[in-house]
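So in full-length UniProt numbering, spot 113 of the sequence shown is number 113, and the numbers just go up one at a time. Here is the structure we will look at, set down as structure tokens.
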Amino acid sequence: MDPIIVQSYEWKLWTFPCIAFGDSKVPNGSGLADFLEYFDDKHHLAIDEEEIGQVIEVEKYKEKLEKALMGLKKLYAEQVSLRTATGSLNSLKVKLEGDTFPLMEIAQIAYKTPQLIVINCAAFPQATKDVMQALEASGMNLNPQQDGTTIYVPVPKVTKEHRDQLAKNAKLFFNKCKENIRDLRNKYVADVKKMDKSFSVDVLFSVEQQVKIFLFPEKKNTDVTSEIFQVHAMSENYVHAAEEIMKAKQAELLNVK
């Protein structure tokens, strides 16, 4: 059935819409993301940064969420590109002697021609095999060729298969980012649950009951407080932002107009 808008608020920092349903039934799905599908973008629930700040360190939470988002953008710029640039290879992680290093720290990287990258491992010859393995597992559709401590990397042609593979890699990086964001959210939710004092915000009781069902469908009597709702809402905004970044990257890779 259609959702019923119950109230609108102005936002201070981030947006999170608010609705309730006309009967006891809730849509299929078990997560807050499913709940979000029924929100009207023009109606939002205000979440007061000062109030949530009584429960968690909001700025630190936002900083960590933003870091996850920036990490996704960095990966896209360096490892999900139609052209294999030296910049993409500079930060390629290479496992060596029980540790992990960026390729640029253990080898020299240069273009010999626009179609050929040369990697010189003479400074750390023992790393040559590990560099080869990292290149082959990079997901950048590379076909490296070794000659002693020198590795030649032909720049892949931009084929449909190459575009499709990069688009898949973009999805994998997004999923990892989403996982990191939700792991962070769960940590902060756990911190909220440890609080002895209960803090309240102006959230409609009927809406909170729906949120409880959506967040914990298998435990309908779970005490999902407004503070936990806010922590979830904030993280889901960043997951949504990460998904939009992924969609834009995939559209770029697949040449979608």
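Note that beta-carbon positions come from the ideal geometry of N, C-alpha and C, so glycine has one too. Being a predicted model, the structure only gives us computed values, none of them experimental.
Annotation for ASN255: no alpha helix (DSSP H) segment contains it, and DSSP assigns it neither H nor E. Sequence-distant partners of ILE119 (beyond 5 residues in either direction) whose C-beta falls short of 6 Å from its own C-beta, in its chain, are ALA107, ILE109, ILE151. C-alpha of VAL155 to C-alpha of GLU66: approximately 33 Å in a straight line.
Close CB contacts of LEU75 within its chain, under the 7 Å cut and outside five residues either way in sequence, are with PHE173 (chain order). Its chain contains CYS121, THR149 as the residues whose beta carbon lies nearer than 6 Å to that of THR128, once the 5 sequence neighbours on both sides are disregarded; these appear in chain order.
In this structure, VAL131 is the residue among LEU69, VAL131, GLN115, GLN250 with its C-alpha nearest to the C-alpha of GLU97. With a minimum length of 4 residues, the unbroken runs of alpha helix (DSSP H) contained wholly in the UniProt domain "Ribosome recycling factor" (74-212) fall at 86-90, 103-106, 128-136, 160-193. Rounded to the nearest whole angstrom, the C-alpha separation of LYS171 and ILE117 is 27 Å. Under the three-state reduction of DSSP, ILE245 is assigned to helix. Here the alpha carbon of LYS95 sits roughly 6 Å from the alpha carbon of PHE101. Taking the Cα positions, LYS247 is about 11 Å away from HIS240.
Here the alpha carbons of VAL192 and LYS64 stand approximately 17 Å from one another. For the set ALA233, ASN186, ASN175, LEU166, the Cα lying nearest the Cα of GLY71 is the one of ASN175.
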